[in-house]
Amino acid sequence: MNPPSATVSPRTAGPTGLSILTRWGSRGTATILGIGALVLVLIGATIGLAFAHNGTQTVSISAQGQDPVDTGFARDMVVHHTQGVTMAHIAELNSTDTEVRSVAYDIEYTQTSEIGTMNGWLDLWGVPRLTLGSTHMSWMGSTGMADMHDMTTATTAATSSGLSDGAVMPGMATDAEIAKLQSLKGKASDIYFLQLMVRHHEGGAAMMTYAANHALSPVVQNFASKMLEAQTSEVGVMTGMLSARGAKPLAFTAPTG
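Numbering (the UniProt record's numbering), first residue to last: 1 to 257.
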């Protein structure tokens, strides 16, 4: 999420080339300030952890290549985020609603940055990134916790059936849903984007929660925790935007066993 500022450089300018606060207007200023504050907390806290105790956490993050939770979270969240960036970019192109385009730009900017961070970890750890056919979310059962058994079973089944339709993890859109989003314009596009993105965020929450609780590196734990905090806030914002447009979120039931 792009921290609010008085001006935006051409390289990082949003849909209209105006600042985030200008594009949101007075109605959305408080909202974007709140979301921006969460991003600053995420960045600051993660950097703080990375350089705490005379750099000992930096050594820690560089040694996580064999930890299944750290690597699994980074790999799968890159895949999850990549679709989120795609949907946000489509919404920017198809919408004429300043508020929706600002949210879409904010998500695209933030998740692209987070993808870079997580891919950087994978490269640092010397582990390969995901390829087609990889098993998603199996790392969430790697600690042998009984309460994660049904989640692992459910997501493995979803992966097997989802490879052909694009929805390889909970909350992700199918290829048909992405195609539909691309075909819509105006208000219909706005509503469908918000619905898909709310569900997308809800689907990723289980991974963030698990990584926040079980990752070996404190840096990864904090990154996942702050990501969850920010996306929970975004779900609230987008749900309110749907209500203002006479629509509701899509049904989503997290697999809990």
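Even for Gly, the Cβ is constructed at its ideal location relative to N, Cα and C. Remember, it's a predicted structure, so these values are computed and weren't measured experimentally.
Checklist entry - Between A224 and T209, is the Cβ-Cβ spacing less than 9 Å? => result By one-based count along the sequence shown, residue 224 stands at place 224. By one-based count along the sequence shown, residue 209 stands at place 209. Cβ atoms of A224 and T209: closer than 9 Å.
Checklist entry - Ordered along the chain, which non-local residues of its own chain (more than five positions away) have a Cβ less than 7 Å from that of L228? => result As a working note, residue 228 is residue 228 in the sequence shown. Here the set comprises A205, M208, T209 and A212.
Checklist entry - Helix, strand or coil for D175 per DSSP? => result Position 175 of the sequence shown holds residue 175. Helix.
Next on the checklist: Looking at the secondary structure, which residues open and close the alpha helix (DSSP H) in which R245 lies?
Outcome noted: For this step, residue 245 is matched to residue 245 along the sequence shown. Note, R245: premise wrong, no alpha helix (DSSP H); not H, not E.
Next on the checklist: Rounding to the nearest angstrom, what Cα-Cα distance links V220 and V79 in this structure?
Outcome noted: Here residue 220 refers to the residue found at position 220 of the sequence shown. Here residue 79 refers to the residue found at position 79 of the sequence shown. Answer to the nearest angstrom: the Cα atoms are 17 Å apart.
Next on the checklist: Tell me which residue opens and which closes the alpha helix (DSSP H) that K187 is part of.
Outcome noted: Along the sequence shown, one-based indexing puts residue 187 at 187. Taken as a continuous stretch (DSSP letters only), the alpha helix (DSSP H) holding K187 covers G186 to H214.
Item to check | DSSP-derived helix/strand/coil call for T86 | outcome: In the sequence shown, residue 86 corresponds to position 86, counting from 1. It is helical.
Checklist entry - In chain order, what residues of the same chain lie with their CB nearer than 6 Å to the CB of V85, ignoring the 5 residues before and after it? => result Reading the sequence shown from its first residue, position 85 is the one you call residue 85. These residues qualify, in order along the chain: E108, Q111 and T112.
Checklist entry - What residue from S189, A74 and G246 has the CA that sits closest to residue 321's CA? => result Residue 321 is absent from the model: the chain starts at 1 and stops at 257.
Checklist entry - CB-CB under 6 Å to L194, same chain, minus the five flanking residues each way: which ones, in chain order? => result Here residue 194 is taken as the residue at index 194 of the sequence shown, counted from 1. Around L194: M238, M241 and L242.
Next on the checklist: How far does the alpha helix (DSSP H) with D123 in it extend, from its first residue to its last?
Outcome noted: Within the sequence shown, the letter at position 123 stands for residue 123. Per DSSP, D123 belongs to the alpha helix (DSSP H) from T98 to W125.
Next on the checklist: Does S183 pass the burial test, meaning 16 or more other C-beta atoms within 10 Å, or should it be called exposed?
Outcome noted: Within the sequence shown, residue 183 is the residue found at index 183, counting from 1. S183 should be labelled exposed.
Item to check | Candidates A74, T96, H201 and G186, of which the one nearest W125 by Cα | outcome: In the sequence shown, counting from the first residue as 1, residue 125 sits at position 125. Among A74, T96, H201 and G186, the Cα nearest to that of W125 is on A74.
Next on the checklist: Measuring only the C-alpha atoms, how far is P68 from G120?
Outcome noted: Here the question's residue 68 lines up with position 68 in the sequence shown. Here the question's residue 120 lines up with position 120 in the sequence shown. Each residue's Cα considered, the two are about 17 Å apart.
Checklist entry - For H214 versus A173, is the C-beta distance shorter than 9 Å? => result Start at 1 with the first residue of the sequence shown, and residue 214 comes out as number 214. Start at 1 with the first residue of the sequence shown, and residue 173 comes out as number 173. No, the pair does not count as a contact, with Cβ atoms beyond the cut-off.
Checklist entry - Which residues in the same chain as G203 place their Cβ atom closer than 8 Å to its Cβ, once the five residues preceding and following it in sequence are excluded? => result In the sequence shown, residue 203 corresponds to position 203, counting from 1. So the qualifying residues of the chain are H80, M169, P170, G171, M172, F252 and A254.
Next on the checklist: What would DSSP say about T71, mapped onto helix, strand or coil?
Outcome noted: The count along the sequence shown starts at 1 and reaches residue 71 at position 71. Residue state, collapsed to three classes: helix.
Next on the checklist: With the cut-off set at 9 Å, would you say residue 259 and D76 are in Cβ contact?
Outcome noted: This structure gives no information on residue 259, because the portion of the chain shown stretches from 1 to 257.
Checklist entry - Going along the chain, which residues of its own chain have a beta-carbon closer than 6 Å to the beta-carbon of N94, five neighbours each way excluded? => result What you label residue 94 is simply residue 94 of the sequence shown in a count that begins at 1. Closer than 6 Å at the Cβ level, and outside the excluded window around N94, lie K185 and S189.
Next on the checklist: So the candidates are E234, L216 and R245; which of them puts its Cα closest to the Cα of D106?
Outcome noted: As a working note, residue 106 is residue 106 in the sequence shown. The shortest Cα separation from D106 among E234, L216 and R245 belongs to E234.
Checklist entry - What's the call for A88, buried or exposed, on a 16-neighbour Cβ count within 10 Å? => result Taking the first residue of the sequence shown as 1, we reach residue 88 at position 88. The residue is buried, with at least 16 neighbouring Cβ atoms inside 10 Å.
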